[in-house]
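First residue of the sequence shown? That's 339 in the numbering used here, and the numbers climb one at a time after it.
Ideal Cβ positions, reconstructed from N, Cα and C, are used throughout, including at glycine.
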Amino acid sequence: MELYINGNVPQVGKVCEQFFLEQIQCSQTIHDQANVAYFRFDSQWFQLYFDGITIFWRVCVEPTEPINSDFSSYSSLVNFSEIKGICSHALTRIEQFLDSDIIILSLTFDSGVVLKFEYFSLDDYTKVTY
């Protein structure tokens with residue numbers, strides 16, 4: 339299988355100014371740590387999400403808190419801008435590859451921090467580590 343990238347990828351060398359994750363929760367348990375990731379680089383917002391074997395990057399507006407009509411399963415927007423080594427640091431590398439049914443995308447910052455997204459396409463959820 340081939341991995342596809344769709345959209346406008348942030349430029350390496352730009353400084354990350356803000357970082358948010360939209361998470362999916364079911365019965366007070368986080369089901370999807372990063373349904374959508376939001377980054378602000380050089381005053382421009384980007385959203386990152388996955389579907390099937392495609393990585394989507396979209397230029398977007400500043401994220402707002404999702405509106406939920408059913409609280410058995412709901413989305414929440416979490417500000418991760420205070421995590422050390424990401425915000426106020428330049429993006430130095432973007433790497434992505436497909437391992438069976440898992441997309442792995444890594445963002446490396448000049449602090450040495452690597453933010454890693456693992457999208458499990460068969461179960462439709464994303465795990466984030468740094």
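Where do the ends of the beta strand (DSSP E) carrying residue i lie?
i    : result
L341 : Unbroken run through L341: none, as it is neither H nor E.
Y463 : 463-467
D448 : Per DSSP, D448 belongs to no beta strand (DSSP E) and is neither H nor E.
Thinking C-beta only, is residue j closer than 9 Å to residue i?
i    : j    : result
V444 : F388 : Reading off the sequence shown, one finds Ser at residue 444, where the question assumed Val. Not closer than 9 Å, so no.
F358 : S411 : no
L436 : T446 : no
G423 : V466 : no
I441 : I368 : no
I421 : Y468 : yes
Residues in the same chain with beta-carbon distance under 7 Å from residue i, minus the five sequence neighbours each way, listed in chain order, please.
i    : result
V350 : L429, T430, R431, I432
N417 : F358
E400 : W383
Leaving out the 5 sequence neighbours to the left and right, which residues in its chain are closer than 6 Å to residue i when beta-carbon positions are compared?
i    : result
A375 : L359, L386
D439 : S459, L460
D448 : H427, A428, T430
N373 : E360, I362
Looking at the structure shown, is residue i part of a helix, part of a strand, or coil, going by DSSP?
i    : result
K352 : coil
Q361 : strand
D380 : coil
L386 : strand
Q371 : strand
L453 : strand
Given residue i, which residues of its chain have a CB within under 8 Å of its CB, disregarding the five upstream and five downstream residues?
i    : result
I405 : none
T402 : L415
D370 : Q361, I362, D462, Y463, T464
F323 : Shown here, the chain extends from 339 to 468; a query on residue 323 therefore has no answer.
W395 : I343, N344, G345, N346, V347, P348, F384, Q385, L386
Q434 : L341, I343, I393, I441, I442, L443, S444
Would you mind listing the beta strand (DSSP E) stretches within the region 391-443 that are 3+ residues and don't spill past its ends, in chain order? Runs found: 392-398, 411-417, 427-437.
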